[in-house]
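For the record, the sequence lines run as chains A and B.
Take the first sequence: its position 78, counted from the start at 1, is 81 in my numbering, and no numbers get skipped.
Take the second sequence: its position 258, counted from the start at 1, is 261 in my numbering, and no numbers get skipped.
2 protein chains.
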Amino acid sequence: MTDFELVFLGTSSAVPTEHRGLSSIAVVRSGEILLFDAGEGTQRRFAEAGLGFNKKMKIFITHMHGDHCVGLLGLLQTMSMLNRSNPLSVYGPPGLLSFVRGNIRMLKFGLTFHLEVNTVKADGVVVEEKDYLVSACRGEHHITDYAYVLDEKERPGVFHPERARRLGVPEGELWSKLQHGEPIKLNGEKVYPSEVLGPSRPGRKIAISGDTRPTVKLRRCIKGANVAVLDSTYFDDHADKAREHLHMTAREAAEMASEAGVKLLVLTHFSSRYEDVAPYVYQAVEVHPNVVAASDQMVLEVPYPDEGLPRVKPAK
Amino acid sequence: MTDFELVFLGTSSAVPTEHRGLSSIAVVRSGEILLFDAGEGTQRRFAEAGLGFNKKMKIFITHMHGDHCVGLLGLLQTMSMLNRSNPLSVYGPPGLLSFVRGNIRMLKFGLTFHLEVNTVKADGVVVEEKDYLVSACRGEHHITDYAYVLDEKERPGVFHPERARRLGVPEGELWSKLQHGEPIKLNGEKVYPSEVLGPSRPGRKIAISGDTRPTVKLRRCIKGANVAVLDSTYFDDHADKAREHLHMTAREAAEMASEAGVKLLVLTHFSSRYEDVAPYVYQAVEVHPNVVAASDQMVLEVPYPDEGLPRVKPAK
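And the structure:
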């Protein structure tokens, strides 16, 4: 069990195919859903995956091409049909606000919840929560396109009960405070977490590229990620098309992931021209040792770095 | 074999379910596709049904609620991705033009074909072609909502070869002209089709209601239809909801179809609250003898009136 999963809701580029819908990835973490892109059909995959339309949630749009954002309309409408009450924040490039507001007006659907649309105007931190950050990093595409990076903050180190006992801290509430990194008072003296905890432990980092060419900046943004989900539209033999249409081949994605020290590379955004996605993986593993090709409804568990590599959850 | 089929691409109301997508019906007639509504997911069902993205085609939108028109965006975009070259005309209520043009601008997709968006401003004939008419008929809903009626023009009567021979008309091109209702010249004398043909035969008529309450006007519009596909959102026990949300129960749809002399009633636009649609049919057949519940990818063949009732094509 992990409290951090990626659910791939749509993995085709541009045009849906028999088995692949348009771009969308749900990150389910500590009871919250962070949705990255919402191509047409997202609401259906979202329901199939049992994600729940009234959960705590944020949505991030990489760029304003229809195959990455049109599904937002049906998703918002269905949330309202199901009487969502929790507020929802959506983040994305310029154009998102007028797209959302314009369509809500034109299609006259009343929202049952507070919707906040935030325009991401530049690289940097987009969301800061108590225990994680989401940052945007501009890629290279025909229109403004952001990669998003989710960074968990450091967790307090491992708790050593023998040290707490030695200091005379009684088991219970005071232990719990120290375990969560809070100092306590004991007989008029302060006890600091560092006295009973090991060194703080790194959180998890995942990156989702949107549609882009490989760039030096992007490589820097995804550095050291536990998982990077990268645009991998083409096979090697269409490397010219990747350059022309500003996407990546699987090999280019693998090169960038390898140079950035990414632990697991997930390939997605597959061209509908290929029936079999196996060559994406063959071509990428020549460059990076750990590669998975995404498929619709694939679930990837992301453990903490010291608990091993992210792994695909067996299908039900 | 008939050259007139209805393909049900989406049969759920408001929210898609596991097996039902949002509203869309393709009428395939003499090589042309007439698409009625395009809810989210239509392009996918359209491709699955093998309908072809570059066919001669017209699209009719009943009303500007998202679950009936959002799929238009992905459909137009995919047509362009596949390099559609044939022009396309779309017809619908006020608001359609700004929805289509606004989104094409906001999502920046270049069309590869000529797109004509026509606003239907009042009841009456919307399209007149050589051999058929499509008319709009306003229903009763929260916003402007048109039912559409497709009326084939009368066909020339049955050809009697013995009459043609008696008049000395040689077999071949001249017979063909007479069969198609054109007068010919023979030895300086005119020969009229009526001299060699039986009485002209009625064409087929189908009606698609959109979202609406039953009304006297609508009953008049669908009069004598071979097939009427009617909004049938609720069971009897939610008749109050049908009135409140301006839809029909299956029974109300059957009453209107019965009074209008409709040959076959097809129920659709099913509420996602019910798992089993059988009660729709049980309740409707108490009022109308010929009732079918639509399902996604169901194909209905529509023969000429003298060739029997429309029939569901066995699934492949």
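From the three backbone atoms N, C-alpha and C, an ideal C-beta is built for every residue, glycine too.
Quick one: residues in its chain with C-beta nearer than 6 Å to the C-beta of VAL130 (chain A), no 5 flanking neighbours on either side, listed in chain order?
Excluding residues within five positions, the ones whose Cβ falls inside 6 Å are VAL137.
For TYR149 (chain B), write down the residues that DSSP places opposite it in a beta bridge.
Residue pairing by DSSP places TYR149 (chain B) opposite B:ARG141 in a beta bridge.
GLY206 (chain A) versus PHE56 (chain A): straight-line alpha-carbon distance, rounded:
Cα to Cα, the separation comes out at about 27 Å.
Residues of its chain near ALA253 (chain B), where Cβ-Cβ distance is below 6 Å and the 5 sequence neighbours each way are ignored:
For ALA253 (chain B), where only same-chain residues beyond five positions count, the Cβ hits under 6 Å are SER235, LEU270, TYR283, GLN286, ALA287.
List the residues of chain B whose Cβ lies closer than 7 Å to the Cβ of THR81 (chain A), in chain order.
By Cβ distance, chain B contributes VAL18.
Report yes or no: do three or more beta-carbon pairs, one from the segment 63-70 of chain A and one from the segment 85-103 of chain A, lie closer than 8 Å?
Yes: at least three Cβ pairs fall under 8 Å.
Report the three-state DSSP secondary structure of PHE102 (chain B) (helix, strand or coil).
Helix.
Alpha carbon to alpha carbon, how far is LEU25 (chain B) from ARG246 (chain A)? Give it in angstroms, no decimals.
About 37 Å.
How many angstroms separate the CA atom of ARG48 (chain B) from the CA atom of ASN121 (chain B)?
So the alpha carbons of these two residues sit roughly 25 Å apart.
Using the beta-carbon count (16 or more within 10 Å), is HIS22 (chain A) buried or exposed?
HIS22 (chain A) sits exposed, since fewer than 16 C-beta atoms from the chains shown fall within 10 Å of its C-beta.
Taking the beta carbon of LYS61 (chain A) as the centre, do at least 16 other beta carbons fall within 10 Å, making it buried, or is it exposed?
Residue burial annotation: LYS61 (chain A) is buried, with at least 16 other C-beta atoms found within 10 angstroms of its C-beta.
Beta bridge counterpart(s) of ASP154 (chain A) as assigned by DSSP
For ASP154 (chain A), which the question treats as bridged, DSSP gives the partners A:LEU136, A:LYS208.
Indicate whether at least one CB of chain A lies closer than 8 Å to the CB of ARG137 (chain B).
The amino acid occupying residue 137 (chain B) in the given sequence is Val; Arg does not appear at that position. Look at VAL137 (chain B): its C-beta is not under 8 Å from any C-beta on chain A.
Does any C-beta atom of chain A lie closer than 8 Å to the C-beta of MET301 (chain B)?
By the rule that beta-carbons nearer than 8 Å mark a contact, MET301 (chain B) does not touch chain A.
With a 10 Å radius around its C-beta and 16 neighbouring C-beta atoms as the bar for buried, classify SER274 (chain A) as buried or exposed.
That one is buried.
Taking the alpha-carbon positions, what's the LEU312 (chain A) to SER83 (chain B) distance?
When rounded, the separation of the alpha-carbon atoms in LEU312 (chain A) and SER83 (chain B) is 41 Å.
May I ask which residues mark the beginning and end of the beta strand (DSSP E) holding TYR94 (chain A)?
If you look at TYR94 (chain A), you'll find it in the beta strand (DSSP E) that goes 91-95.
Cβ neighbour criterion (16 or more within 10 Å) applied to GLU43 (chain A):
Classification for GLU43 (chain A): buried.
C-beta atoms of ILE225 (chain A) and ALA263 (chain A) nearer than 8 Å
For the 8 Å CB-CB criterion, ILE225 (chain A) and ALA263 (chain A) form a contact.
For a contact defined as C-beta to C-beta under 7 Å, what are the partners of VAL172 (chain B) on chain A?
Neighbours of VAL172 (chain B) on chain A: none; closest Cβ ~53 Å, over 7 Å.
Give me the Cβ distance between GLN46 (chain B) and PRO19 (chain A), rounded to the nearest whole Å; I'm assuming they're in contact under 8 Å.
Between GLN46 (chain B) and PRO19 (chain A) a beta carbon distance of about 7 Å is seen, short of the 8 Å cut, so the two are scored as contacting.
Excluding the 5 residues flanking LEU189 (chain A) on each side, which residues of the same chain have their C-beta closer than 8 Å to its C-beta?
Cβ within range, chain order: LEU170, GLY171, VAL172, LEU177.
Answer with yes or no whether the minimum CB distance from GLU247 (chain A) to chain B is below 8 Å.
Chain B has no Cβ within less than 8 Å of the Cβ of GLU247 (chain A).
Let me make sure I understand the geometry here. Which of B:LYS208, B:HIS183, B:GLY191 has the alpha-carbon closest to that of VAL199 (chain B)?
The alpha carbon of VAL199 (chain B) has as its nearest neighbour, out of B:LYS208, B:HIS183, B:GLY191, the alpha carbon of B:HIS183.
With a threshold of 7 Å (Cβ to nearest heavy atom), would TRP178 (chain B) be considered close to the ligand SAM?
Ligands displayed in this structure: none; no statement on the ligand SAM is therefore possible.
Reduced DSSP secondary structure (H/G/I, E/B, other) of ALA318 (chain B):
When secondary structure is reduced to three states using DSSP, ALA318 (chain B) falls in the coil class, being assigned neither helix nor strand.
Who are the near neighbours of LYS59 (chain A) in its chain, counting only those whose CB is closer than 8 Å to its CB and skipping five residues on each side?
Closer than 8 Å at Cβ, skipping near neighbours: GLY34, GLU35, ILE36, ASN89.
8 Å Cβ cutoff, ARG47 (chain B) in contact with chain A
Interface criterion met: the Cβ of ARG47 (chain B) is under 8 Å from a Cβ in chain A.
Contacts of LYS124 (chain A) in chain B (Cβ-Cβ under 9 Å)
Residues of chain B passing the Cβ test: none, with the nearest at roughly 18 Å.
Could you check if LYS266 (chain B) is buried or exposed, using at least 16 other CB atoms within 10 Å of its CB as the buried criterion?
Around the beta-carbon of LYS266 (chain B), 16 or more other beta-carbon atoms lie within 10 Å, marking it buried.
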